[in-house]
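Trainee:
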Amino acid sequence: MPPAVDSFVMGPFQSNCYVVRSERGAAEAAVIDPGDDPTPLRLELARMGTRPGGILVTHTDVDHIGGVAALAEGTGAEVWAPAGEVEALRSGSTRGGMTVAPHDPAHTVSGGDEITVAGITFEVVDVPGHSHGHVAFHHDGELFAGDVLFAGSIGRYDLPGGDWETLLDSVRSLVDRFPADTVVHPGHGPATTLGRELATNPFLRDLRAERAE
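Take the sequence shown: its letter number 141 is residue 141 in this note's numbering, and every next letter is one higher.
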């Protein structure tokens, strides 16, 4: 059965934070990419009757980890962060007026790992290109993709750690690996599906052309 997914837009960069439960009413949730002050999120979790069973990080841009330390330390929830970018979380950072408190996560993850958080088993997928150590988390047709793929767009690849060909390879690997109806929960903007993006996303022309040959 697909998990229950709720999204919350956080902070000045309007990043998506996801609360994922095995079912509505579950006592614990996996919280993915809490990007800003988690106080409002904690109030929402209490209203929903759930608590963080763990915190998952797709990548360490400030707008995706801004609330990690405070949420982890305030609730006791352990953190799973990408091994290739963990030092950025451990050291903290500042960008665009946002300051991220440092946090040493209990766990690091890489592609091929399987982790169970709040009773949900996630498959970890390496998807570099927006940043060098970016990962995505997949469970039962739901893909939490961070800033790799958006509805009608893709993540930036002109920042440190980004690369266009690497990002395109990551999207190609997702399209090859998962069914077209896989729901993509991106780091910004509305949800979409892999099939919809392959068919209509202007940045994926090369992938469409490959499949038309």
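Ideal Cβ placement from N, Cα and C applies to all residues, glycine included.
DSSP state of H107, grouped into three classes?
Mentor: In this structure, H107 counts as strand in the three-state DSSP scheme.
Trainee: Would you kindly report the start and end of the unbroken beta strand (DSSP E) that includes R51?
Mentor: Note, R51: beta strand (DSSP E), R51 to L56.
Trainee: Measure from the alpha carbon of G65 to the alpha carbon of each residue in R47, H139, D104 and R208, then state which is nearest.
Mentor: The identity of residue 65 in the sequence shown is Ile, whereas the question assumes Gly. It is D104.
Trainee: Between A30 and G54, is the Cβ-Cβ spacing less than 8 Å?
Mentor: In this structure, G54 lies closer than 8 Å to A30 by Cβ.
Trainee: In whole angstroms, give me the CA-to-CA distance for F8 and N16.
Mentor: Approximately 6 Å, taken between the alpha carbons.
Trainee: Label D181 either buried or exposed according to how many other C-beta atoms from any shown protein chain fall within 10 Å of its C-beta, with 16 as the threshold for buried.
Mentor: So D181 ends up on the exposed side.
Trainee: To the nearest angstrom, how far is the alpha carbon of E67 from that of R24?
Mentor: According to the sequence provided, residue 67 is Gly. The question's Glu does not apply to it. Those two C-alpha atoms are separated by around 24 Å.
Trainee: Would the stretch 198-212 and the stretch 168-180 be scored as touching if the rule is three or more Cβ pairs under 8 Å?
Mentor: Contact holds: three or more Cβ-Cβ distances are below 8 Å.
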